[in-house]
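A.B. asks:
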Amino acid sequence: MKRFLQVVCVVLLCGFYLAGLGCTVSTRTVDADEKVIYDEGYHFSDKKSIVNDMVSSLLAKPPLSAATDRPVVIVYGIANRTDEHISTSGISDDIRQALIASGKVRFINETQRGNIAKEADYQHGGQVAAETRIKLAKQIGAKFMLTGTLRSMEKKEPKQARLKKKVLQYYSLNLELTDIETGIIEWADSTEVIREASKPFIGW
Numbered sequence: 120m121k122r123f124l125q126v127v128c129v130v131l132l133c134g135f136y137l138a139g140l141g142c143t144v145s146t147r148t149v150d151a152d153e154k155v156i157y158d159e160g161y162h163f164s165d166k167k168s169i170v171n172d173m174v175s176s177l178l179a180k181p182p183l184s185a186a187t188d189r190p191v192v193i194v195y196g197i198a199n200r201t202d203e204h205i206s207t208s209g210i211s212d213d214i215r216q217a218l219i220a221s222g223k224v225r226f227i228n229e230t231q232r233g234n235i236a237k238e239a240d241y242q243h244g245g246q247v248a249a250e251t252r253i254k255l256a257k258q259i260g261a262k263f264m265l266t267g268t269l270r271s272m273e274k275k276e277p278k279q280a281r282l283k284k285k286v287l288q289y290y291s292l293n294l295e296l297t298d299i300e301t302g303i304i305e306w307a308d309s310t311e312v313i314r315e316a317s318k319p320f321i322g323w
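Per this note's numbering, the very first residue in the sequence shown carries number 120; after that it's consecutive.
#1: According to DSSP, which residues form a beta bridge with G244?
#2: Going straight from the alpha carbon of Y289 to that of S206, what length do you get?
#3: Would you identify the three-state DSSP class for G196, choosing helix, strand or coil?
#4: Taking the alpha-carbon of H204 as reference, which of L269, G222 and G244 has the nearest alpha-carbon?
#5: Distance, Cα to Cα, L296 vs L183?
#6: Use the C-beta contact count for E311: other C-beta atoms within 10 angstroms, 16 or more gives buried, fewer gives exposed.
#7: On a Cα-Cα basis, can you pick out the residue from G267, G233 and N234 that is closest to V170?
#8: Indicate the three-state DSSP secondary structure (helix, strand or coil) for Q288 in the structure shown.
#9: Could you check the C-alpha separation between E315 and S309 for me, to the nearest Å?
#10: Could you tell me which residues DSSP puts in a beta bridge with T337?
#11: What is the DSSP secondary structure of T230, reduced to helix, strand or coil?
#12: If you reduce the DSSP assignment to three classes, tell me which class G209 lands in.
#13: By alpha-carbon positions, which one of V224, A220 and D202 ends up nearest to L265?
Set out below in structure tokens:
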């Protein structure tokens with residue numbers, strides 16, 4: 120009996136030890152180029168793919184591909200028409216950064232207009248030497264306006280007797296480049312992310 124109890128205790132201790140290993144938290148550094156997907160939802164790697172597609176299209180097609188004067192663009196944001204909390208400003212920021220790095224486009228810093236005006240007022244308020252202060256009314260107007268919409272759609276398998284259910288998640292980003300003077304859309308394109316996931320009916 121004593122021997123049996125010892126065996127039981129050893130088995131229980133091993134079980135608790137293994138359970139503890141399963142409950143420990145582990146972390147690792149993920150490379151920005153590594154594609155890490157945990158479910159069918161939107162992931163950071165999707166943003167990278169979306170940005171690359173849109174930047175390539177913008178630079179390869181008119182009007183930017185034919186421009187020789189580095190036209191000025193202003194970004195008026197990407198509307199989020201999904202049911203998820205997705206930072207679309209992160210998408211537009213990355214697109215702008217890539218286009219600036221290409222040397223083909225310049226951008227209006229629309230988010231800092233208030234601070235720019237504040238600094239201009241300060242320089243012309245009598246505190247800055249006349250030979251070093253900026254000239255007023257010298258800002259450059261934008262030629263194009265970049266806007267877009269992010270949409271999503273989810274499709275689930277009909278209810279049937281099965282161990283797993285499948286979910287199809289669809290994301291679509293549409294961008295437009297509009298000539299501000301004429302109001303004409305000079306460029307438009309879209310890119311998609313489609314992902315299918317199988318989920319067990321019983322799980323964590």
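For every residue, glycine included, the Cβ atom is placed at its ideal position computed from N, Cα and C. Being a predicted model, the structure only gives us computed values, none of them experimental.
C.D. replies: Taking the definition as stated:
#1: By 1-based counting over the sequence shown, the position of residue 244 is 125. Per DSSP, G244 has no beta-bridge partner at all.
#2: Locating residue 289 in the sequence shown gives position 170, counting from the first residue. Locating residue 206 in the sequence shown gives position 87, counting from the first residue. Spanning the two alpha carbons is a distance of roughly 17 Å.
#3: By one-based count along the sequence shown, residue 196 stands at place 77. Here G196 sits in strand by DSSP.
#4: For the purposes of this step, residue 204 is taken as residue 85 along the sequence shown, with counting starting at 1. Checking every option, the nearest Cα to that of H204 belongs to L269.
#5: Position 177 of the sequence shown, counting from 1, holds the residue named residue 296. Position 64 of the sequence shown, counting from 1, holds the residue named residue 183. Rounded to whole angstroms, L296 to L183 spans 10 Å at the Cα level.
#6: Stepping through the sequence shown from its first residue, residue 311 is reached at position 192. That one is exposed.
#7: Here residue 170 refers to the residue found at position 51 when the sequence shown is read from its first residue. When only C-alpha atoms are compared, the closest one is G267.
#8: The residue you call residue 288 lines up with position 169 of the sequence shown. Three-state DSSP puts Q288 in a strand.
#9: As a position in the sequence shown, residue 315 is number 196, starting the count at 1. As a position in the sequence shown, residue 309 is number 190, starting the count at 1. Each residue's alpha carbon lies about 20 Å from the other.
#10: The chain is shown only over 120 to 323; residue 337 falls outside these bounds and no answer can be derived.
#11: Here residue 230 is taken as the residue at index 111 of the sequence shown, counted from 1. DSSP places T230 in helix when its eight states are reduced to three.
#12: Walking along the sequence shown from the start, residue 209 turns up at place 90. The answer is helix: DSSP assigns G209 an H, G or I state.
#13: On the sequence shown, position 146 is the one that residue 265 refers to. Of the listed residues, the one whose Cα sits closest to L265 is V224.
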